[in-house]
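Asks: The structure's right below; bear with me while I get my questions together.
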Amino acid sequence: MKPLSLRARLTLWYAGVLVAILAVVSALSYSVLRWSLLQQVDASLGAVAQIVRETDERGAGGSEVERAIRELLGPGFSDQFFQFLDPEGRSRFRSGSPHPGSLPLSLEARLNAAHGRQTIETLEDPANGPLRVLTVPVQRAGRSVEIIQVAAPLARTRSALSRYLTTLLALVPVAVGLAAAGGAVIAGRALQPVREMSRAARQITAEDLGRRLARRGADDEIDHLADTLNAMLAGLEAAFAQSRRFSADAAHELRTPLTALKGEMEVALRAARSPEEYRRVLASSLEEVEHLIHLAEDLLIFSRSAPGLRAPTAPVDLEPLLLEALETGARRAQSAGVTMRADTFEPATVLGEAGALRRAVLNLVDNAIKYTPAGGKV
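Per the numbering used here, the sequence shown runs over residues 103 to 480.
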């Protein structure tokens, strides 16, 4: 399966986060709307209960209370009804139309009424459906003498909540789809500089390492990436330049001893020579071979060394290293007609890489012999 592009992953992440946010916001808004609608119903029930109680305290009968409330509230009382109960919970009067039947009295509401506390709750009534019921006790002389219940059906409230939920379920997918499309466009525009940088980087070859990636000047993450890649290109350019210089120098150094070696062998083969002459040619050839070995060692170490890394170091005794270099140099000096002399030196130990130090000393000795004319002293 082909992996998703960065643009697609960013779009999916954006859409996923948006879905989570919309789900939380929708749930909160639904809960707030439900609480607000119930608060409105509760406030209306409380107002009706207060009117019922005040009218009842003036000695009006149940029918007169109902008539007075309808005259006072008009259409506002059309979906509400009330009833009077005795302290034992038996119905004494209930408003008739449009909700016949007694209101349910829960055990909790009855116990609260016995202690003089009102109760508001949501009950399921088989005849009238879900009801919001307010139960208010009426006390005289410290004891409960009557219970007033006011109720309103929650059908309209639940219908409003259902419509709101349906609207949310219809709009959220549309919003997510539009947001995902917008997120894809935004992600594409945000990644455009990266695509341009990628195209520019692909055009840079080993022969064109001097080119650099352009900065936008915004000093943002894209510019920081360009700076990092440019620094890498600069390092590669320096490494390639160093490699070319070393290869050129090595080729030059290799050509000189090889040419000399070839010339000496050609001269030796042109005519019969005495053993002493052959010995001289072989000694000179040996010197050139040793020089070639030194160059080959340098090339091998260079090829194995990682750019920017130092070789491991350790304490190195210089005495055997110098003696070896002097022994090797003495043979070359003799064949070159150069006198070589070594003064006494004190033993010393340095921290370094033994092979590199040996090659450095041998190179110094070789150069001294090479650039000293015949009959000179080193």
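We put the CB at the ideal spot given by N, CA and C, even for glycine.
Considering only the alpha carbon of each residue, which of Ser133, Glu366, Ala149, Val480 lies closest to Glu435?
Replies: Looking at the sequence provided, one finds Ala at residue 435 rather than Glu. Here the closest residue by C-alpha is Val480.
Asks: At the level of alpha carbons, what is the spacing between Glu429 and Thr446?
Replies: Rounded to whole angstroms, Glu429 to Thr446 spans 14 angstroms at the Cα level.
Asks: Residues in its own chain within less than 7 angstroms of Pro200 by CB, not counting five upstream and five downstream?
Replies: Residue confidence is low: Pro200 scores 49 on pLDDT, short of 50, so the model does not pin down where it sits. No coordinate-derived value is stated.
Asks: Helix or strand or just coil, what does DSSP make of Ala416?
Replies: Of the three classes helix, strand and coil, the one that applies to Ala416 here is strand, per DSSP.
Asks: Assess contact between the segment 415-428 and the segment 453-461, defined as three or more Cβ pairs (one per stretch) separated by less than 8 angstroms. Is contact present?
Replies: Yes: the two stretches touch, three or more of their Cβ pairs being nearer than 8 angstroms.
Asks: Kindly indicate which three-state DSSP category Gly148 falls into: helix, strand or coil?
Replies: Of the three classes helix, strand and coil, the one that applies to Gly148 here is helix, per DSSP.
Asks: Going residue by residue through the segment 313-337, where are the continuous alpha helix (DSSP H) segments of at least 4 residues, counting only ones entirely within it?
Replies: Segments of the alpha helix (DSSP H) lying fully in the segment 313-337: there are none.
Asks: Does Ala249 pass the burial test, meaning 16 or more other C-beta atoms within 10 Å, or should it be called exposed?
Replies: For clarity, residue 249 is Ile in the given sequence; the question names Ala instead. The residue in question, Ile249, is buried, as its Cβ has 16 or more Cβ neighbours within 10 Å.
Asks: Compare the beta carbon distance of Glu223 and Ala215 with 9 angstroms and say whether it is the shorter of the two.
Replies: No, the Cβ-Cβ distance between Glu223 and Ala215 is not below 9 angstroms.
Asks: Is the Cβ of Ala262 closer than 9 angstroms to any Cβ of chain D?
Replies: In the displayed structure, chain D is absent; only one protein chain is listed.
Asks: Would the segment 289-308 and the segment 270-279 be scored as touching if the rule is three or more Cβ pairs under 8 angstroms?
Replies: The segment 289-308, when compared against the segment 270-279, does not touch it at the 8 angstroms Cβ threshold.
Asks: Tell me, which residues are paired with Arg234 by DSSP?
Replies: DSSP, once it has assigned bridges, lists Thr224, Ala254 as partnering Arg234.
Asks: Going by the C-beta, is Ala151 closer than 8 angstroms to any heavy atom of the ligand GDP?
Replies: The ligand GDP is absent from the structure shown, which contains no ligand whatsoever.
Asks: Three-state secondary structure (DSSP) at Pro239?
Replies: The answer is strand: DSSP assigns Pro239 an E or B state.
Asks: For the candidate residues Arg258, Arg219, Tyr266, whose alpha-carbon lies nearest to that of Gly244?
Replies: Gly244 has its Cα closest to that of Arg219, out of Arg258, Arg219, Tyr266.
Asks: Does DSSP put Lys479 in a helix, a strand or coil?
Replies: Reduced to three states, the DSSP call for Lys479 is strand.
Asks: Is it true that the CB of Ile306 sits closer than 9 angstroms to the CB of Leu335?
Replies: Closer than 9 angstroms, so yes.
Asks: Reducing DSSP to helix, strand and coil, say where Thr446 ends up.
Replies: If DSSP states are grouped into helix, strand and coil, Thr446 belongs with coil.
Asks: With respect to the beta strand (DSSP E) encompassing Val452, which residues constitute its N-terminal and C-terminal limits?
Replies: Unbroken beta strand (DSSP E) run through Val452: 451-454.
Asks: Have a look at Gly284 and Leu130 and give me their C-alpha separation to the nearest angstrom.
Replies: C-alpha separation (whole angstroms): 25 angstroms.
Asks: Whole angstroms is fine: what's the gap from Leu236's alpha carbon to Val119's?
Replies: Those two C-alpha atoms are separated by around 43 angstroms.
Asks: Drop a sphere of 10 angstroms on the beta-carbon of Asn230, count the other beta-carbons inside from all chains shown, and report buried for 16 or more, exposed for fewer.
Replies: With 16 or more other Cβ atoms within 10 Å, it is buried.
Asks: Under three-state DSSP, which class holds Leu207?
Replies: Here Leu207 sits in coil by DSSP.
Asks: Sorted by chain position, which residues of the same chain lie with C-beta nearer than 7 angstroms to Glu421's C-beta, five sequence neighbours on each side aside?
Replies: Around Glu421: Pro449.
Asks: Using 8 angstroms for Cβ pairs, my map puts Leu233 next to Leu225. What's the rounded Cβ distance?
Replies: Confirmed, about 5 angstroms.
Asks: What span of residues does the beta strand (DSSP E) with Arg196 cover, start to end?
Replies: Start and end: 193-196.
Asks: Return the chain-ordered list of same chain residues with a C-beta closer than 7 angstroms to the C-beta of Ala308, the five sequence neighbours on each side being excluded.
Replies: If we look at Ala308 and ignore the five residues flanking it on each side, its Cβ neighbours are Phe342.
Asks: Say whether the segment 259-268 touches the segment 123-140, bearing in mind that this needs 3 or more beta-carbon pairs closer than 8 angstroms, one atom from each stretch.
Replies: The answer is yes - the segment 123-140 touches the segment 259-268, with three or more Cβ pairs under 8 angstroms.
Asks: Quick check: the Cα distance between Ala110 and Val126, rounded to an integer number of angstroms?
Replies: One C-alpha to the other measures close to 24 angstroms.
Asks: Mapping the DSSP letters down to three states, classify Pro200 as helix, strand or coil.
Replies: Note on Pro200: pLDDT 49, under 50, position unreliable in the model; no value is reported.
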